[in-house]
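Heads up, the sequence shown is in this note's numbering, so the first residue is 1037 and it goes up one at a time. All C-beta atoms, glycine included, are put in the ideal place defined by N, C-alpha and C. For clarity, every value in this text was computed on a predicted model and none was experimentally measured. First comes the structure, then the notes that go with it.
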Amino acid sequence: MKNKNIIITGASQGIGKSIAEKFHKKGSNIFMISRNENNLSKLKNKLMKNTKNNQVIEYFAENIDNYNKILDIVNSINKNHNSIDVLINNAGITSDNLIVKMKDEQWDEVINTNLKGTFNCCKAVSKFMIKQKFGKIINISSIIGQIGNKGQVNYSASKAGIFGITKSLSKELGSRNINVNAINPGYIETEMTKNLSKEKKVDFLSKIPLNRFGKANEVSELTYFLASDLANYISGQTINIDGGMVV
């Protein structure tokens, strides 16, 4: 993946941060998108300390629910660096509540970021990947999109929708040598799971055959594999990485 141009959304923390670090270590040019400019700046400074051979690290503090802003970013990257090799749609948020208490704003915010944001980024890069006749799109979904979870009807719906995007785009874009796949992380040790109560953690662990939470770097390793030439014949798939929780 050396010198490849990689766009990563939600790169400021957690799984996205680990993905950015993995691709940077392998010599890729990294283009990070997130709403958290402070975290993006810190990550860029950290990565710059180990940057070699004119490796590019750029970030864009934007919300992915705005298509025109995403298109401007993608146009700029393609104009300045001549290709977009991999898009990793990792950005995601939660706003939990039981359905009888969930406000319209909670539904809209999660759907607009997780689902519409994924659509926006896929749409923005597709025309360039079609023209160059290659590319990889990797969508980070969640096992919650498969099994559901009480109090997360918005999050579950948004992540389930990503399965549909992945399957449909793999059929639309496959003839242009573009691979589209999804990854379903289970319970991964990130900032998002740190706030779980002790009782919930015990409950979740009881459902995981490997009896532990996953690590962000385990997800980034799978992401890297799907982006590499080793996965050139894999497309339209959703791969669980959940310690055996969903079988």
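Outcome for residue i when other beta-carbon atoms lying within 10 angstroms are tallied against a minimum of 16
i     : result
F1261 : exposed
P1221 : buried
L1258 : buried
G1128 : buried
V1136 : exposed
G1171 : buried
D1121 : buried
G988  : Because the chain in this structure spans residues 1037 to 1283, residue 988 falls outside the shown range and cannot be described.
S1204 : exposed
L1134 : exposed
M1084 : exposed
Per-residue DSSP class, three states only, for residue i
i     : result
I1275 : strand
L1123 : strand
M1084 : helix
V1255 : helix
Other residues of its chain near residue i: CB distance less than 7 Å, five sequence neighbours each side excluded
i     : result
V1282 : I1179, Q1182, I1183, N1276
N1075 : S1048, Q1049
Neighbourhood of residue i by C-beta, 6 Å cutoff - its chain only, sequence neighbours within 5 removed
i     : result
G1197 : L1151
D1140 : none
M1138 : none
S1064 : M1037, K1040, I1042
8 Å contact criterion, which residue i and residue j should meet: CB distance rounded
i     : j     : result
A1252 : S1054 : 4 Å
E1073 : A1056 : That pair is no contact at about 15 Å.
T1149 : D1108 : That pair is no contact at about 18 Å.
V1255 : I1219 : 7 Å
K1038 : K1062 : 7 Å
N1175 : T1154 : 6 Å
Close-in-space but distant-in-sequence residues of the same chain around residue i (CB under 8 Å, 5 per side omitted)
i     : result
F1240 : Y1223, L1232, F1249
* To do: Pick out the complete beta strand (DSSP E) segments inside the stretch 1132 to 1209, 3 residues or longer, and give them in chain order.
  => 1171 to 1176
* Please list the segments of the alpha helix (DSSP H) lying wholly inside the stretch 1048 to 1121, counting only runs of 4 or more residues, in order along the chain. => 1050 to 1061, 1073 to 1084, 1103 to 1117
* Can you check the stretch 1223 to 1248 for any alpha helix (DSSP H) of at least 4 residues that lies completely inside it and give the ranges in chain order? => 1227 to 1230, 1234 to 1241
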